[in-house]
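One structure is given below, encoded as structure tokens.
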Amino acid sequence: MADNEGYIEEQEEGKVLEETTMDVTDKKCPNCGATVTYDPATLKMICEYCGYSRELPKPENNTAMEEIDFESAKLRSNKDWGTKQKSIVCKMCGAESLYDEALTASVCPFCGSNSVMPVDADEDIMAPGGVVPFEISKEKASTLFTSWLGHKIFTPSAAKKSCKAENFAGIYLPYWTYDSETTSSYDAKLGYEYKVKRGDHYETKVRWKRYTGVYEEFIDDQVVYASKKTVNPSINAVSQFDFTKLKPYNPEYISGFVAERYTLGLDDGWEQAKGFIQRTLKSHLGSKLKSTYKADRVGTINLSTVYDKVTFKYLLAPIWMASFKFNGKVYNFVVNGQTGKVAGKAPISWLRVAIAIILGIIAFAIVMAILNS
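Sequential numbering of the sequence shown, starting at 4, is according to the working numbering.
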């Protein structure tokens, strides 16, 4: 490459691509005929009526979750997952949820609105390839909520002592993850600092130098939330999952829970993923160039990227949504069903806020007085 001043390579070997399918599972208790559900506390299928329990079947092998070729995705035969579920759409927030046939729903699990209506089953919904199972039980989520609220500095003491979590809803959120080999032509500027004396002091100046070349990197599991509904800041705050703990999809994992239907399609999800990937590539490339050429600063980086051997996975990941009441007002919060991280809105004591501001002003005044003395 005649015009290159630097060539940085980072590439990993590709993976064998296979297709995954979904099996139908009997969810009835063999003793009493009631519906058995997945219990995060014991990691078993249990019957809440007679106490029956059983282990989930283990995967036939220990291989990693398989990727699906992006270009051939539309040819997959297993796209009738929606016909095996009941579906509702919320008129308030737009969320579309898939329910187990044994469950009923009159409220939206995301916003609590009762403005929900059933919709016809979609025959073209892709079945998940993997699932991050619940590891946090409802009882544990309630305990984590109490601890979270107790650590809120500006929340009234009365709220911390009296508030009880209620209306827990276990929900599986839909995600696309994408893998891709990337090859990028880059045009980057690196800065080198030097000092210039101005009177009795020195000023820092930067000398910019241009570098061009080709950068290769394998992108593994770029995650995209597969929903078009209004983004809930609390969900965003807790939606960091460890996808290395994925299990091959088994319908028993979502027995007794709600699964949000993906409304951001595979192609639209890939467009979002490419935006995230570009930021990742620029960050990684900038760090490598800065280190390789001993630069002090990284300036603008322009990339022209080619994506190859793109594969994807469609996954489900767990959260608990719940609420509590204080002084007649309802506050919603979210608990990550895998990690236990909590986020949400909490009551605020404006008296505590005012006291904190006053103390901050006093502390600042004391520091300034000491510095000026």
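Backbone N, C-alpha and C define an ideal beta-carbon position, used for all residues, glycine too.
From a predicted model like this one, the values you see are computed outputs, not experimental measurements.
Burial state of residue 235 (16 or more Cβ within 10 Å):
Taking the sequence shown and counting its residues from 1, one reaches residue 235 at position 232. Classification for residue 235: buried.
With 16 other Cβ atoms within 10 Å as the buried cut-off, status of residue 264
Looking up residue 264 in the sequence shown gives position 261. Its Cβ being crowded by 16 or more others within 10 Å, residue 264 is buried.
Identify, in the order they occur along the chain, each residue of the same chain with its Cβ nearer than 6 Å to the Cβ of residue 186, setting aside the five sequence neighbours on each side.
As a first step, residue 186 must be located in the sequence shown, where it is residue number 183. Cβ neighbours of residue 186 beyond the five flanking positions: 219 and 309.
Enclosing beta strand (DSSP E) for residue 304 [first to last residue]:
For the purposes of this step, residue 304 is taken as the residue at position 301 of the sequence shown. Here the beta strand (DSSP E) through residue 304 covers 300-329.
Proximal residues to residue 65 (C-beta, below 6 Å), its chain only, five neighbours per side dropped:
On the sequence shown, residue 65 is found 62 positions in, with the first residue counted as 1. Low confidence applies here, because residue 65 scores a pLDDT of 44, under 50, leaving its location unreliable; read the following figure in that light. Cβ neighbours of residue 65 beyond the five flanking positions: none.
In terms of residue numbering, what span does the beta strand (DSSP E) encompassing residue 225 cover?
Here residue 225 is taken as the residue at index 222 of the sequence shown, counted from 1. Run containing residue 225: 204-228, per the beta strand (DSSP E) assignment.
Taking contact to mean at least 3 C-beta pairs separated by less than 8 Å, is the region 187-199 in contact with the region 210-227?
yes
Check the DSSP bridge columns for residue 133 and list the partner residues they point to.
Position 130 of the sequence shown, counted from the start, is the residue given in the question as residue 133. Answer is 251 and 318, bridged to residue 133.
If the criterion is Cβ atoms closer than 9 Å, does the pair residue 178 and residue 318 meet it?
What you label residue 178 is simply residue 175 of the sequence shown in a count that begins at 1. What you label residue 318 is simply residue 315 of the sequence shown in a count that begins at 1. Yes, the pair counts as a contact, with Cβ atoms nearer than the cut-off.
Within 9 Å, strictly: CB atoms of residue 344 and residue 335:
Here residue 344 refers to the residue found at position 341 when the sequence shown is read from its first residue. Here residue 335 refers to the residue found at position 332 when the sequence shown is read from its first residue. Their beta carbons are not under 9 Å apart, which means residue 344 does not touch residue 335 by this criterion.
Proximity to residue 34 [Cα-Cα], best of 57, 46, 246 and 44
Position 31 of the sequence shown holds residue 34. Checking every option, the nearest Cα to that of residue 34 belongs to 57.
Please state the DSSP three-state secondary structure of residue 95.
Taking the first residue of the sequence shown as position 1, residue 95 is located at position 92. In this structure, residue 95 counts as coil in the three-state DSSP scheme.
Evaluate contact between the region 133-149 and the region 242-253, counting only Cβ atoms and requiring at least three cross-stretch pairs below 8 Å.
yes
In or out: residue 371 buried (at least 16 other Cβ within 10 Å) or exposed?
Here residue 371 refers to the residue found at position 368 when the sequence shown is read from its first residue. Counting Cβ neighbours within 10 Å, residue 371 comes out exposed, since fewer than 16 surround it.
Could you name the residues that DSSP lists as bridge partners for residue 267?
Here residue 267 corresponds to residue number 264 of the sequence shown, with the count starting at 1. Residue 267 pairs with nothing; no bridge assigned.
Residue 329 to residue 192, Cα distance in whole Å?
For the purposes of this step, residue 329 is identified with residue 326 of the sequence shown, where counting begins at 1. For the purposes of this step, residue 192 is identified with residue 189 of the sequence shown, where counting begins at 1. Spanning the two alpha carbons is a distance of roughly 55 Å.
Quick check: the region 139-149 against the region 264-282, are there 3 or more CB pairs under 8 Å?
no
Sort 111, 59 and 204 by Cα distance to residue 262 and report the nearest one.
Here residue 262 refers to the residue found at position 259 when the sequence shown is read from its first residue. For the residues 111, 59 and 204, the minimum Cα distance to residue 262 belongs to 111.
Pull the bridge partners of residue 179 from the DSSP assignment, please.
Taking the first residue of the sequence shown as 1, we reach residue 179 at position 176. According to DSSP, residue 179 bridges with 227 and 317.
From the DSSP output, which residues share a beta bridge with residue 337?
Locating residue 337 in the sequence shown gives position 334, where the first residue counts as 1. DSSP output for residue 337 lists 324 and 346 as bridge partner(s).
If I follow the unbroken alpha helix (DSSP H) through residue 376, where does it start and stop?
Residue numbering aside, residue 376 sits at position 373 when the sequence shown is read from its first letter. Where residue 376 is concerned, there is no enclosing alpha helix (DSSP H), given that its DSSP letter is neither H nor E.
So what does residue 199 bridge to, in DSSP terms?
Residue mapping note: residue 199 aligns to position 196 of the sequence shown, counting from 1. In the DSSP output, where bridge partners are listed per residue, residue 199 has 206.
Which whole-angstrom value describes the C-beta separation of residue 260 and residue 174, a residue pair presumed to lie in contact below a C-beta threshold of 8 Å?
Translated into the one-based positions of the sequence shown, residue 260 becomes position 257. Translated into the one-based positions of the sequence shown, residue 174 becomes position 171. The Cβ separation is near 7 Å, so the contact holds.
Suppose contacts are defined by Cβ-Cβ distances below 9 Å. Is residue 244 in contact with residue 342 by that definition?
By one-based count along the sequence shown, residue 244 stands at place 241. By one-based count along the sequence shown, residue 342 stands at place 339. Contact: yes.
Quick check on DSSP: helix, strand or coil for residue 365?
Mapped onto the sequence shown, residue 365 falls at position 362. Helix, per DSSP.
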